[in-house]
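At position 108 of the sequence shown (counting the first as 1) the number is 108 in this note's numbering, and the numbers step up by one without a gap.
Here the structure is laid out as structure tokens; the discussion comes afterwards.
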Amino acid sequence: MDNSIVVRFAPSPTGPLHIGGARSALFNWLLARKHGGRMIVRIEDTDLDRSSIESEENILDSLLWLGLDWDEGIAKGGEHGPYRQTERLNTYTQAAGRLLDSGQAYYCYCTEEELAAEREACMAKGDLPRYLGKCRSLSEDERNRLEAEGRKKVIRFRVPDNENVIVQDLVRGNVIFESNGIGDYVIVKSDGIPTYNFAVVLDDALMKVTHVIRGEEHLSNTPRQLLLYNALGLRAPYFAHVSLILGKDRSKMSKRHGSTSIEEYRSKGYLPEALVNFLALLGWSPVGEEEIFTLQELVEQFSLDRVAKNPAVFDIDKLNWLNGSYIRNSDVGRITDMAIPFLREAGYITGEITPDSYEWLKMIVASVQEKLEYVAQITDHVKVYFDDHVKMENEAAGAVLKELEVSEVMRAFRRKITEAEELTPESTKGLLKALTKELKLGGKKVYMPLRVALTGQTHGPELFYIIPVLGRDRVLVRLAQTVGLKD
Ligand code: GLU
Numbered sequence: 001m002d003n004s005i006v007v008r009f010a011p012s013p014t015g016p017l018h019i020g021g022a023r024s025a026l027f028n029w030l031l032a033r034k035h036g037g038r039m040i041v042r043i044e045d046t047d048l049d050r051s052s053i054e055s056e057e058n059i060l061d062s063l064l065w066l067g068l069d070w071d072e073g074i075a076k077g078g079e080h081g082p083y084r085q086t087e088r089l090n091t092y093t094q095a096a097g098r099l100l101d102s103g104q105a106y107y108c109y110c111t112e113e114e115l116a117a118e119r120e121a122c123m124a125k126g127d128l129p130r131y132l133g134k135c136r137s138l139s140e141d142e143r144n145r146l147e148a149e150g151r152k153k154v155i156r157f158r159v160p161d162n163e164n165v166i167v168q169d170l171v172r173g174n175v176i177f178e179s180n181g182i183g184d185y186v187i188v189k190s191d192g193i194p195t196y197n198f199a200v201v202l203d204d205a206l207m208k209v210t211h212v213i214r215g216e217e218h219l220s221n222t223p224r225q226l227l228l229y230n231a232l233g234l235r236a237p238y239f240a241h242v243s244l245i246l247g248k249d250r251s252k253m254s255k256r257h258g259s260t261s262i263e264e265y266r267s268k269g270y271l272p273e274a275l276v277n278f279l280a281l282l283g284w285s286p287v288g289e290e291e292i293f294t295l296q297e298l299v300e301q302f303s304l305d306r307v308a309k310n311p312a313v314f315d316i317d318k319l320n321w322l323n324g325s326y327i328r329n330s331d332v333g334r335i336t337d338m339a340i341p342f343l344r345e346a347g348y349i350t351g352e353i354t355p356d357s358y359e360w361l362k363m364i365v366a367s368v369q370e371k372l373e374y375v376a377q378i379t380d381h382v383k384v385y386f387d388d389h390v391k392m393e394n395e396a397a398g399a400v401l402k403e404l405e406v407s408e409v410m411r412a413f414r415r416k417i418t419e420a421e422e423l424t425p426e427s428t429k430g431l432l433k434a435l436t437k438e439l440k441l442g443g444k445k446v447y448m449p450l451r452v453a454l455t456g457q458t459h460g461p462e463l464f465y466i467i468p469v470l471g472r473d474r475v476l477v478r479l480a481q482t483v484g485l486k487d
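Structure (structure tokens):
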């Protein structure tokens, strides 16, 4: 493989970008970037009822957010445009005309009811429902009569009899389909719009696509497409069908197993690089044990021969683990920026953010950063900072404050923070160390009562964050409240 590789991602804009679509886009992108090839994005919008510009925008936006760019295509241009199928109707009409002229396609006048009856008859005999060729060899007279009746017509491709169509799949090996099981299929609908199987062939050929990586659900379309490449005298690309994505219970991935669209993950505060990392592992396996990869590392290591035939299992716990690991290793400023909308929505931030309050928010985020699997969870962890009415969370917490040494610890602590010139996480660490040393009680006997006195909880962010986040005044307020310590 060399730099003449051309891949494409060709979504139908009938909904937001899905996990499965994003994975196809990623695999295509990785193959192109690895080999210095080109990536095209084309919009397959021939389903007029279900396609929308909002979906198109969502898909493009999500791709860019994931870091998957393209060299040619929609919103970018290029020499093979336009890149929206509804803007290419001429191309399909002309090609259909050629197939009609050569007898490789024909007009079919069957009505919906006739077709439904035929499908039922097939099934009643235990056969696959398919078109049996009623209009295959209409005489001129019959055609004229049907036209005169004003019947709607579609164009069907005449599937050659008794052929084995072999899909040479780069992931699955040779997959053989019998042409007799296919039935003549529609290539142009009665409104003049091409079907997916027809348009995709012309576009992939005219856009000089060399490799088509897509989901396994398209495998059964591929023999239909190969027959059309043949009939049109066009060269077929290499195909690679990536396995389905299943939930942990082995049923097809659905909402029950976790969010299915990229935008939902984005809006919960997942990091794009974590999601990309996760998507790469849905069907592709790296050589070693390592599971964390940057996009660049994926480009270097990706290869189609390590893409598995068997289904990939979507494991939300793994995604959360990966995302948590990316969050821990991210710059605190970045996570703070992501956290602000969630904190605002929860009512923890009101009003403008000043440079000082931003620094304060950063301290809050740093104190819980390692606990987050995704950024939206931050609101579960920061309540202690915002509610000055400290309540004991349970009996165990209350019991901590009844221990003998508590009042000595509190008084010494109060003195120390009253004297402290500044309160930063660093200086607080020093202060707590000095305090422990002075009291000769051992860390736990000092930290636990302080934690409970300041938050009412026996667990939570590190004390050296809690204290500077609250600041001296609020610390004193809380001490007065929980342990009755006043001047
Ligand atoms: N428009 C098709 C889809 O979204 C793409 C199929 C293909 O990649 O050939 O499923």
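Don't be surprised by glycine CBs; every beta carbon is placed ideally from N, CA and C.
Asked                                                                                                                                                : Found
Can you have a look at A116 and say buried or exposed, based on whether 16 or more other CB atoms are within 10 angstroms of its CB?                 : exposed
Rounding to the nearest angstrom, what Cα-Cα distance links K445 and Y385 in this structure?                                                         : 23 Å
Based on Cα-Cα distance, which residue from F278, E112, A312, L282 lies nearest to N323?                                                             : F278
At a threshold of 8 Å, does N310 count as lining the ligand GLU (C-beta to nearest heavy atom)?                                                      : no
Hey, is the stretch 415 to 423 in contact with the stretch 452 to 465, meaning 3+ C-beta pairs nearer than 8 Å?                                      : no
Can you give the Cα-Cα distance for M253 and Y374, rounded to whole angstroms?                                                                       : 21 Å
For the alpha helix (DSSP H) that contains M338, what are its first and last residues?                                                               : 332 to 345
Please confirm whether L170 and V201 have their CB atoms less than 9 Å apart.                                                                        : no
Taking the alpha helix (DSSP H) that C490 falls in, what are its first and last residues?                                                            : Beyond the ends of the chain as shown, which are 1 and 487, falls residue 490; an answer cannot be given.
What do you reckon, are the CB atoms on L227 and V165 nearer than 9 Å?                                                                               : yes
If I follow the unbroken beta strand (DSSP E) through V212, where does it start and stop?                                                            : 211 to 215
Do S179 and P160 have their C-beta atoms within less than 9 Å of each other?                                                                         : yes
At which residue ranges does the stretch 3 to 59 contain complete alpha helix (DSSP H) runs of 4 or more residues, listed in the order of the chain? : 19 to 34
Can you tell me which of I262, S261, K255, G215 puts its alpha carbon nearest to the alpha carbon of L244?                                           : G215
On the three-state DSSP scale, how would you describe S261?                                                                                          : strand
Is the CB-CB distance between S285 and A308 below 9 Å?                                                                                               : yes
Kindly identify the DSSP beta-bridge partner or partners of Q104.                                                                                    : Per DSSP, none; premise fails for Q104.
Nearer than 8 Å: is that true of the beta carbon of R214 relative to any heavy atom of the ligand GLU?                                               : yes
Taking 9 Å as the cut-off, decide whether the C-beta atoms of Y106 and L138 are in contact.                                                          : yes
Beta carbon of A32: closer than 8 Å to some heavy atom of the ligand GLU?                                                                            : no
So P11 and E44 are in contact, right, with Cβ under 8 Å, and what is the actual spacing, rounded?                                                    : 7 Å
Taking the C-alpha atoms as reference points, what is the distance between A22 and G37?                                                              : 19 Å
What does a CB cutoff of less than 7 Å around A25 pick up in its chain, not counting 5 residues either side in sequence?                             : F9, L63, L68
Less than 8 Å separating the Cβ of A205 from some heavy atom of the ligand GLU?                                                                      : no
DSSP puts P194 in a beta bridge; with which residues?                                                                                                : V188
Which residues does DSSP pair with W284 in a beta bridge?                                                                                            : V307
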